[in-house]
Amino acid sequence: MARVKTIFPVQSVTGSLVPKGTVFRKKIYRDSEGRVVAEGEVESYIIQHPRDIKKTPYTSGELRTHDIFRQASLQTIEILRRPIERAEWELRWKKQLKHGEPSAPIDKKTGARKIYKRLDAFIRTCLIRELQQNP
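Going by the numbering used here, the first residue of the sequence shown is number 127, and it counts up by one from there.
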């Protein structure tokens with residue numbers, strides 16, 4: 127994925143300018159009150175070779191990863207629906223915004239623990255790490 131630097135008068139570009147062309151995007155991360163926590167860089171990419179699952183089905187390892195992600199995503203949705211559990215996770219998430227969690231992977235760019243800018247992504251990755259350790 128390429129990084130894009132926009133110049134005046136273009137402030138931002140989202141999507142593709144032509145069909146099947148280069149896609150541009152910029153992620154904006156918000157907390158539960160809608161305040162912007164962080165902004166990602168402007169990215170660009172081209173979808174060149176989408177996978178045809180009928181021709182190349184998932185391997186057993188890919189299926190396991192897919193199932194773990196699905197299970198963690200469903201658990202995340204349930205946690206976000208329960209106010210007490212959500213509040214506990216939110217405290218943990220806000221704490222890791224300053225100092226990454228000890229169990230978080232090392233960020234290659236900074237050399238420090240990865241910091242998750244979205245609550246749902248933080249919960250999901252914590253659950254994924256948990257599910258991967260327990261077969």
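For every residue, glycine included, the Cβ atom is placed at its ideal position computed from N, Cα and C. As the structure is a prediction and not an experimental result, all values here were calculated from the model.
| Asked | Found |
| --- | --- |
| Between which two residues does the beta strand (DSSP E) carrying Glu169 extend? | Val162 to Tyr171 |
| Within the same chain, show all residues whose beta-carbon is closer than 7 Å to that of Ile154, passing over the 5 residues directly before and after it, in chain order. | Val162 and Glu165 |
| Hey, is the segment 187-205 in contact with the segment 244-257, meaning 3+ C-beta pairs nearer than 8 Å? | yes |
| Under DSSP, the beta strand (DSSP E) around Ile154 begins and ends at which residues? | Val149 to Arg156 |
| Kindly list the residues whose CB is nearer than 7 Å to the CB of Asp246, restricted to its own chain and excluding five residues on each side of it in sequence; keep chain order. | Thr202 and Leu206 |
| Let me know the secondary structure DSSP gives Arg250 once reduced to three states. | helix |
| Verify whether the separation of the beta carbon atoms of Tyr242 and Trp219 is less than 8 Å. | yes |
| With C-beta atoms as the reference, is Gly226 less than 8 Å away from Arg244? | no |
| Which residue comes first and which comes last in the alpha helix (DSSP H) that contains Arg207? | Ser186 to Arg207 |
| Rounded C-beta distance between Phe195 and Gln222? I'm assuming under 8 Å. | With a Cβ gap of about 20 Å, Phe195 and Gln222 do not count as contacting. |
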